[in-house]
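Report on the following structure.
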Amino acid sequence: MNAIGRLGLALLTLLLVACSQVPGASPTPSPSPSPAPSPTPTPIPPVGLTGRTFLSTGVTVDGAPFALVAGTRIRLSFDDGTLSASAGCNIIGGNYVLDGNRVVFSGGQMTEMGCDDPRFAQDDWLIAFLASSPTFVLNGNDLTLTSGTTVVILLDREVAEPDQPLVGPIWLLNSIVTGDAVSSVPAGVTASLTFNADGTVDIHFGCNSGGGKYAVDGDSITFSDLIQTEMACAGAAGQVEAAVIAVLTAESLTFAVDASTLTISATQFSGLGFIAQ
Numbered sequence: 023m024n025a026i027g028r029l030g031l032a033l034l035t036l037l038l039v040a041c042s043q044v045p046g047a048s049p050t051p052s053p054s055p056s057p058a059p060s061p062t063p064t065p066i067p068p069v070g071l072t073g074r075t076f077l078s079t080g081v082t083v084d085g086a087p088f089a090l091v092a093g094t095r096i097r098l099s100f101d102d103g104t105l106s107a108s109a110g111c112n113i114i115g116g117n118y119v120l121d122g123n124r125v126v127f128s129g130g131q132m133t134e135m136g137c138d139d140p141r142f143a144q145d146d147w148l149i150a151f152l153a154s155s156p157t158f159v160l161n162g163n164d165l166t167l168t169s170g171t172t173v174v175i176l177l178d179r180e181v182a183e184p185d186q187p188l189v190g191p192i193w194l195l196n197s198i199v200t201g202d203a204v205s206s207v208p209a210g211v212t213a214s215l216t217f218n219a220d221g222t223v224d225i226h227f228g229c230n231s232g233g234g235k236y237a238v239d240g241d242s243i244t245f246s247d248l249i250q251t252e253m254a255c256a257g258a259a260g261q262v263e264a265a266v267i268a269v270l271t272a273e274s275l276t277f278a279v280d281a282s283t284l285t286i287s288a289t290q291f292s293g294l295g296f297i298a299q
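Under our numbering, the sequence shown has 166 at position 144, and the numbering climbs by one with no breaks.
Right, dumping it as structure tokens:
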């Protein structure tokens, strides 16, 4: 090979080497796969107040225990925008909305049951507390309301006080609904119902005693074959007895057991309230 040929071969070799070193000519390694992102946990919304009833388990004022009237406790029932409250005497009703962490209560009205002065005063205290728009903390079954230095601690009613069975307890009459008024049973007058498992019911009407049969279908209840003694009844006992008979003999009755309370309603404006003994 002459000199020119050898020179051409050398130049071709150098060209091939140069081309093999061009950046990017080598295969680019595949990037390592990125780890799959962890799924974001779905936040679980807190259980709301609507449809729940709470009973007080303790009250403090300025950090010290505050004693309610003996035998009473605060009861708060939250419905869809309405709040029913009691402190051992009258029923307080009104509307509520949640404003951030505050319960804003408005339009409070109260029944007119006859109560002793301490329970009347406690009703007024509860109305003032609710009207102050207390803050609330709901943690499962525990509800805490705070206004200033007053703290009311409550527990879901279904945990604190499960529903009594209809059969077994003596249901003692404690309120009568007539029209838009709720009245308490006069002192010294006793009326009661005792439901038996065989479908019979023992009744003390307020003056006379007797009984009959009952049947339950869902939230409906019917009484039949009622009999009673025939004592002459006057005054408060006679008035209570007339109210009991009027409700129990109505054509269409509904009932509800809420903890230790039994309500039998003939209409929206006529009914009887009982407490389990």
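C-beta: ideal position from N, C-alpha, C; glycine also.
Asked, Found
"Straight-line gap, D239 to D84 (C-alpha atoms, nearest Å)", "50 Å"
"Cβ neighbour criterion (16 or more within 10 Å) applied to F307", "Residue 307 is absent from the structure shown; the chain starts at 23 and stops at 299."
"Same chain, Cβ closer than 6 Å to V39, neighbours up to 5 away in sequence not counted", "At V39, the pLDDT of 39 sits below 50, so the modelled position is not reliable; the number obtained from the coordinates is stated separately. Cβ neighbours of V39 beyond the five flanking positions: none."
"Coil, strand or helix - P51 by DSSP", "Below a pLDDT of 50, predicted positions are generally treated as unreliable, and P51, at 45, falls in that range; the measurement from the model is reported next regardless. Coil."
"Exposed unless 16 or more other CB atoms sit within 10 angstroms - verdict on P145", "Here the sequence assigns Asp to residue 145, which means Pro is not the residue at that position. With 16 or more other Cβ atoms within 10 Å, it is buried."
"Rounded separation between G130 and I149 - CA only", "8 Å"
"Any non-hydrogen atom of the ligand ADP closer than 7 Å to L188 Cβ", "This structure simply doesn't include the ligand ADP, nor any ligand for that matter."
"Contact the region 183-195 vs the region 292-299: 3+ CB pairs below 8 Å", "yes"
"Collapsed DSSP secondary structure at D269 in the structure displayed", "According to the sequence displayed, residue 269 carries Val and not Asp. The answer is helix: DSSP assigns V269 an H, G or I state."
"Buried versus exposed, by CB contacts within 10 Å (16 or more), S287", "buried"
"Nonlocal neighbours in the same chain, by C-beta distance under 7 Å from G201, ignoring five residues either side", "F291"
"Alpha-carbon spacing of G221 relative to T285, whole angstroms", "19 Å"
"For I267 and F12, believed in contact at Cβ under 8 Å, the rounded distance", "The structure shown does not extend to residue 12, since the chain is modelled only from 23 to 299, so the question has no answer here."
"Rounded separation between D259 and I113 - CA only", "Rather than Asp, the amino acid found at residue 259 in this sequence is Ala. If I take the Cα positions, the gap works out to 24 Å."
"L275 and T244 closer than 8 Å at C-beta", "yes"
"Under 8 Å between C-beta atoms of R141 and V91", "yes"
"Test item: CB-CB of N163 and V174 under 8 Å", "no"
"Where the alpha helix (DSSP H) containing F151 begins and where it ends", "D139 to A153"
"Beta-ladder partner(s) of S78, from DSSP", "L176"
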